[in-house]
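Working notes for the structure below.
Protein chains in written order, with this note's numbering: chain A, 6 to 328; chain B, 6 to 315.
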């Protein structure tokens with residue numbers, strides 16, 4: 006499988022302004038590199054505030070990076086202009102977390118989807134009404150929903166409309182930014198299965214962002230774990246769950262609740278010390294070292310590189326990188 | 006048959022929209038003050054349109070032969086509002102004055118509102134230097150009291166109803182820039198604007214299709230309130246002699262002319278003053294009511310209540 010997206014040492018620092026001076030920087034994304042292969046679902050997990058949504062927005066170019074870049078199909082995303090940028094917009098789309106804010110409350114469903122078609126497609130279908138209705142049917146809505154406003158729908162239905170808008174564009178790569186985390190569990194499952202089916206049907210590539218480990222495991226082929234603006238581990242989905250290497254990944258996995266109390270009690274409890282530090286002044290060396298149960302003196306001084314330990318399994322930790 | 010088909014399709018497409026309008030109307034007619042505002046402001050508009058045609062006497066011409074016996078007559082069946090110092094029927098003059106006030110309000114607001122909307126959209130959407138420049142100029146205009154600035158402009162242009170309109174329009178746009186910009190700053194952070202950007206829509210489409218329709222509610226409310234205010238300011242300018250000139254039957258002008266005969270000939274000041282008062286009051290009540298009516302949350306509550314009532 007060929008890489009479709011290459012993220013190369015991407016940084017996004019937000020300035021903290023006070024009056025006219027920049028007082029400091031929030032290092033939301035701080036030197037991230039990875040590739041996403043065509044047709045796969047690449048999961049991105051991390052605690053809230055670790056920069057995963059910022060990363061998603063950078064990849065679809067809703068934000069400009071501080072440094073580093075993203076390549077889509079071999080082209081530098083942030084250098085695209087004019088026709089090439091239009092082409093990129095047609096091929097790359099995003100589904101947002103909050104379906105209550107992602108639909109214009111003054112537009113009817115038909116107009117929302119039709120606008121996406123008119124903005125991105127070269128051939129405009131003759132019978133727009135029929136075409137939009139057929140897209141709605143794909144996401145489990147029906148023709149009778151065409152001329153309704155977003156406020157007439159539930160959260161799950163709204164997310165379906167948002168997905169319909171993305172389908173109308175016929176993209177190749179879709180960033181799913183916590184698409185189900187604002188929905189209740191039964192609806193979550195429906196939407197996730199629908200996304201999987203759509204992927205099979207259209208051969209989509211997904212970047213699936215979530216803080217929910219179970220959901221990420223269900224959806225993804227490979228998973229990247231993010232901590233304070235950095236990626237600490239990338240591995241195939243099963244490997245992350247069966248043999249996590251990075252102490253942070255281990256801690257994260259041990260926080261998944263287990264339904265059986267016997268197993269839960271017997272499992273070694275790993276807890277990180279304290280709260281995650283602020284991304285404004287991240288700790289030197291390894292970002293995780295103040296909370297890491299296995300930290301050594303090197304971890305506080307130098308940042309560990311992300312290296313391939315096994316085939317397709319990358320980790321950024323001094324425990325595995327002998328120096 | 007074909008026409009029926011088109012009508013059917015139109016109804017199907019606009020069902021949701023029509024229901025919103027119906028709810029707005031229900032919301033509007035629920036409160037007595039809203040109805041009062043609606044009645045007052047609508048009758049003002051109607052009188053503004055038909056006033057000169059239904060006026061019983063010529064509002065401007067003076068009948069020199071009868072001038073002395075008709076002069077400053079108190080209200081009677083023949084002259085319900087009395088007569089002025091030249092024996093003209095005040096009822097006719099006040100009726101024709103409605104059209105002048107209506108025209109002033111429409112002209113001023115149709116210059117000030119589009120200007121304010123466009124500047125506010127640009128300032129809020131693009132931000133940075135553009136925003137700074139637009140907002141500082143706006144602040145300069147805002148830092149003078151509107152009426153004083155209008156007096157200055159009006160005096161500079163020469164006293165006439167047209168220069169009064171130009172002067173008021175010139176000082177009326179800054180609040181709209183403020184209101185629109187504030188709305189834009191908030192709305193442009195919405196995810197649906199992000200989604201529109203991800204579709205590659207150009208800034209004009211994003212501003213006018215996605216941001217403006219969602220920013221319009223406070224503009225409509227402000228415009229309704231301003232309809233009364235503009236009429237007041239225009240009357241004030243005429244009152245101090247900078248607006249309409251005699252023999253134009255402008256309301257502020259009428260009050261100014263009647264002042265010399267007050268309080269013995271009270272009707273001369275009272276009826277034009279009453280017209281100004283009721284008009285300003287009507288638009289204020291309507292504006293206040295629209296604030297509720299245009300709030301979608303209020304409409305949802307109403308819809309819920311209606312369903313339960315059935």
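We treat Cβ as the ideally placed atom computed from N, Cα and C, and that holds for glycine. All values derive from a computational prediction rather than experimental measurement.
Original post:
Closest Cβ-Cβ distance between residue 22(A) and chain C: below 7 Å?
Top reply: In the structure shown, chain C cannot be found, because the protein chains are A and B.
Subject >> residue 231(A): first and last residue of the uninterrupted beta strand (DSSP E) it sits in >> reply: 227 to 232
**OP:** Below 7 Å between beta carbons is the criterion; list the residues of the segment 214 to 225 of chain B that meet it against any residue of chain A, in chain order.
**Re:** 215, 218, 219
**OP:** Return the CA-CA distance between residue 81(B) and residue 254(B), expressed in angstroms with no decimal places.
**Re:** 20 Å
**OP:** Determine contact between the segment 269 to 276 of chain B and the segment 114 to 129 of chain B, defined as no fewer than three beta-carbon pairs at a distance below 8 Å.
**Re:** no
Original post:
DSSP three-state call for residue 251(A): helix, strand or coil?
Top reply: coil
Subject >> Close beta carbons around residue 8(A), own chain, < 6 Å, minus the five adjacent residues each side >> reply: 40, 42
Original post:
At which residue ranges does the segment 148 to 214 of chain A contain complete alpha helix (DSSP H) runs of 4 or more residues, listed in the order of the chain?
Top reply: 160 to 174, 190 to 207
Original post:
Got a sec? Which residues, its chain only, sit under 7 Å from residue 32(A) by beta carbon, not counting five neighbours each side?
Top reply: 18, 234, 284, 287
Original post:
Roughly how many angstroms lie between the CA atoms of residue 260(B) and residue 154(B), to the nearest whole one?
Top reply: 22 Å
Subject >> 7 Å Cβ shell around residue 163(A) - same chain, five flanking residues per side excluded >> reply: 104, 105, 108, 155
Original post:
Closer than 8 Å, Cβ to any Cβ of chain B: which residues of the segment 78 to 91 of chain A, in chain order?
Top reply: 90, 91
Subject >> Rounded separation between residue 111(B) and residue 232(B) - CA only >> reply: 8 Å
Subject >> Assigned exposure category for residue 260(A) - 16 Cβ within 10 Å defines buried >> reply: exposed
**OP:** Using a Cβ-Cβ cut-off of 7 Å, state whether residue 106(A) counts as contacting chain B.
**Re:** yes
**OP:** Would you identify the three-state DSSP class for residue 310(A), choosing helix, strand or coil?
**Re:** coil
Original post:
With a cut-off of 7 Å, does the C-beta of residue 27(B) fall near any C-beta of chain A?
Top reply: no
Original post:
Is residue 204(B) close to chain A, meaning its C-beta is less than 7 Å from at least one C-beta of that chain?
Top reply: yes
Original post:
Just by C-beta distance, which residues in the segment 288 to 313 of chain B are closer than 8 Å to chain A?
Top reply: 301, 305
Original post:
On the three-state DSSP scale, how would you describe residue 103(A)?
Top reply: coil
**OP:** Use the C-beta contact count for residue 183(A): other C-beta atoms within 10 angstroms, 16 or more gives buried, fewer gives exposed.
**Re:** buried
**OP:** Mark residue 20(A) as exposed unless 16 or more other C-beta atoms lie within 10 angstroms of its C-beta, in which case mark it buried.
**Re:** exposed
Subject >> residue 15(A) - DSSP class collapsed to helix/strand/coil >> reply: strand
**OP:** Provide the residue(s) that pair with residue 331(A) in DSSP beta bridges, ordered along the chain.
**Re:** With chain A covering 6 to 328 only, the question about residue 331(A) has no answer from this structure.
**OP:** Would you kindly check if the distance between the Cβ of residue 213(A) and the Cβ of residue 224(A) is under 7 Å?
**Re:** yes
Original post:
So, is the C-beta of residue 65(A) closer than 7 Å to a C-beta in chain B?
Top reply: yes
Original post:
Do residue 137(A) and residue 121(A) come within 7 Å of each other at the CB atom, strictly closer than that value?
Top reply: no
Original post:
Does the beta carbon of residue 21(B) sit closer than 7 Å to a beta carbon anywhere in chain A?
Top reply: yes
Subject >> Which of helix, strand or coil DSSP assigns to residue 21(B) >> reply: helix
**OP:** Compute the Euclidean distance between the alpha carbons of residue 173(B) and residue 240(B), then round it to the nearest angstrom.
**Re:** 11 Å
Original post:
Unbroken alpha helix (DSSP H) runs of length 4 or more, entirely within the segment 227 to 313 of chain B: which are they?
Top reply: 256 to 264, 271 to 298
Subject >> Helix, strand or coil at residue 94(B) according to DSSP, with G and I counted as helix >> reply: strand
Original post:
Around the Cβ of residue 267(B), are there at least 16 other Cβ atoms within 10 angstroms (buried) or fewer (exposed)?
Top reply: exposed
Original post:
Of all the residues that make up the segment 173 to 203 of chain B, which are near chain A by a beta-carbon distance shorter than 7 Å?
Top reply: 195, 196, 197, 199, 200, 202, 203
Original post:
Quick one: what does DSSP say residue 293(A) is sitting in, helix, strand or coil?
Top reply: coil
Subject >> Boundaries (first-last residue) of the alpha helix (DSSP H) holding residue 135(A) >> reply: 133 to 143
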